[in-house]
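Start counting the sequence shown at 2; every next residue gets the next number (the working numbering).
Backbone N, C-alpha and C fix where the C-beta goes; we use that ideal spot for every residue, glycine too.
Computed from a prediction, not measured in an experiment: that's the story for all the values here.
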Amino acid sequence: MLCKKTTVTYIIICLYYLLSGIEYAVILPTLNNYLLSLGADKFFIGLVMSAFSLTGLLSAPLYGRFTDKTGSTKATVIFSNLFEIGGNFMYFVATSPLMVLGSRLIAGLGSGSGSSIFGMISRSTTKENRTAAFSQLMTLRQLGLIVGPACNLFLRKMDFYIGPFHVSADTVPGLFMALLWFLHELLMIFCYHELPQAAELKNKQAGLVNSDSGDDIDVVVPSSDASQSWSVVFKDLLREEVIVCLAVTFTVMFAQTGIETLLTPLTLQFFNWGELANSIFFCVAGVIIILSFIILIKLSKCVADRQMLIVGMAVMCCLYVVFLFFVIFAVQEPVGTTWVMAIFVFHSVVLVFILPFVWVPQTSIYSKVTNEKTQAFNQGIRLLIMGVGQILGPLWAASLLNNLKIMASVNLTVVFLVTIMVTASYKRLDTSEDSMIEPDEKTPLIRNGSVSINA
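Rendered as structure tokens:
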């Protein structure tokens, strides 16, 4: 009975991440046309996209704190889904650009509950299985980014009325996502069960806890007030290894979203690619990153998180060196030059492939070196830092579209400095059982003593 409930719960969690990917891929392609049809200025699309990220990053720590205090991921996600449903329906019925902006602000409030889910995964998985679990969830979001465009193939043919509301190619993504999130809400209400913590699960499997029926999976145990005092929480977040993980989070998102912002104008400038070619490119990139996640799931069983992280950061440094030389010399070549195409494809494929080997290990390490009792809030802080990078990255890249050498140089410098931070803190990123000390109010900010470097 316990196994069945756990499986159903995990499927519902997976659907959450799949839907988050589908939403991004369904809304984005038609957003610009939708805004223009409502009389918006061209710059307004940037505001709308940033609005979703802004409310998501601000709400994530709040959801996390609530989950840590109550122990209930179910209540958090049920509440946050209401914003997703309401925001997407508002997008469907919008009659002005400001209403579209408001709809994405509201929907963004629903996306912040990812912190609660990550916190729940951190508490309900062992350290050995956590990296694989995080990788599976991130893979599903990437799968959603591929499924989304496929959904648009039939959604763009919609053209009818529901009462006074016109269901068209521009408005139907909002209605479609509102329905999907409503179905997910029903699954959360009737089928979701709180997962037991990893330690509790081990005791049950060992027969140390008496459970005749196995129906006690829904018991929610809030964390103690002592372990969640603000002094403990912030002292936990100010430790060296935690700061390094957050620095990696910001840097990777800042650099990645900056490159994504540049891709369309760069492919137009260097290869004269149109919408179809770019769509194929993004689809292939999605397949590559999913394959990378699958490989990472296998490697995580035999390779330490910190080893994958430092290799991933080193490869990213090399790729940004390549990108710097690329933008210096490619601008001097005519459109469609063979070597420019070859370097661009090589750089893009390797970058897409290596990203999971940076993104997943730092997420896993972060969950292991922070206080288990405040995991949801900690993940909220991580998502907040990620959101800041997600907002600043495109703004930085777009502002230097005509001066790519400066943009590439600064990005290379930032990635290099964070790689140095990871290298210098390598010992502290050891998450083996005998190296971990659960922080409390008596734990010093900088711990003394040697740490084994065997990964």
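Contact check for V341 against F271 passes: the beta carbons are separated by less than 8 Å.
Spatial neighbours of F93 in its own chain (CB-CB distance under 6 Å, excluding positions within 5 residues in sequence) are listed in chain order as T172, G175 and L176. Straight across, the Cα-Cα distance linking A248 with V419 is about 7 Å. Annotation: the segment 73-120 contains the following complete segments of the alpha helix (DSSP H) (minimum length 4 residues), in chain order: 74-94 and 98-112.
Here F358 is buried: its Cβ has 16 or more other Cβ atoms, across all protein chains shown, within 10 Å. In this model, I244 and K369 are separated by some 13 Å (Cα to Cα). Note on geometry: alpha-carbon atoms of G381 and C246 lie some 14 Å from one another. Apart from sequence neighbours up to five positions away, the residues of its chain that approach I386 with a beta-carbon distance below 6 Å are L247, T250 and F251, ordered along the chain.
Here V288 is exposed, its C-beta having fewer than 16 other C-beta atoms within 10 Å.
In the DSSP assignment, F161 falls within the unbroken beta strand (DSSP E) covering F161 to I163.
Looking only at G388, T432 and T371, the smallest Cα-Cα distance to R240 is reached by T371.
Counting along the chain, H167 sits inside no alpha helix (DSSP H); it lies in the beta strand (DSSP E) bounded by residues F166 to V168.
In the structure shown, N130 falls within a helical segment according to DSSP collapsed to helix, strand and coil. Secondary structure at H194: coil, using DSSP grouped into helix, strand and coil. Counting along the chain, the unbroken alpha helix (DSSP H) around L264 starts and ends at E241 to F272. Separation of the CB atoms of G22 and G115 is rounded to 12 Å, and the pair is thereby denied contact status at 8 Å. The beta-carbon separation of P395 and L310, rounded to 25 Å, does not stay under the 8 Å limit for a contact. The beta carbon of L352 lies closer than 6 Å to those of L320 in the same chain, with the five residues before and after it left out. Nearest in C-alpha terms to R124, of all of Q376, G337 and T414, is Q376. Contact between Y64 and L138 is ruled out by a C-beta separation of about 16 Å, above the 8 Å threshold. Boundaries cannot be given for C303, as no alpha helix (DSSP H) includes it and DSSP labels it neither H nor E. When the alpha-carbon of D431 is set against those of N279, E242 and L356, the nearest one is in E242.
CA-to-CA, the gap between F53 and L39 works out to about 19 Å.
For R157, the secondary structure class from DSSP, reduced to helix, strand or coil, is coil. Collapsing the DSSP output to three states places D171 in coil. Note that the segment 94-113 touches the segment 55-71; at least 3 beta-carbon pairs, one per stretch, sit closer than 8 Å. Taking L269 as the centre and dropping the five residues before and after it, the same chain places no C-beta closer than 7 Å to its C-beta. With fewer than 16 neighbouring CB atoms inside 10 Å of its own CB, I190 falls in the exposed class.
I118 is positioned such that its CB atom lies no closer than 8 Å to that of V148.
In the three-state reduction of the DSSP assignment, V316 falls in the helix class, which pools H, G and I. Judged by DSSP in its simplified three-state form, Q363 adopts helix. Bounds of the alpha helix (DSSP H) holding Y64 are F45 to T71.
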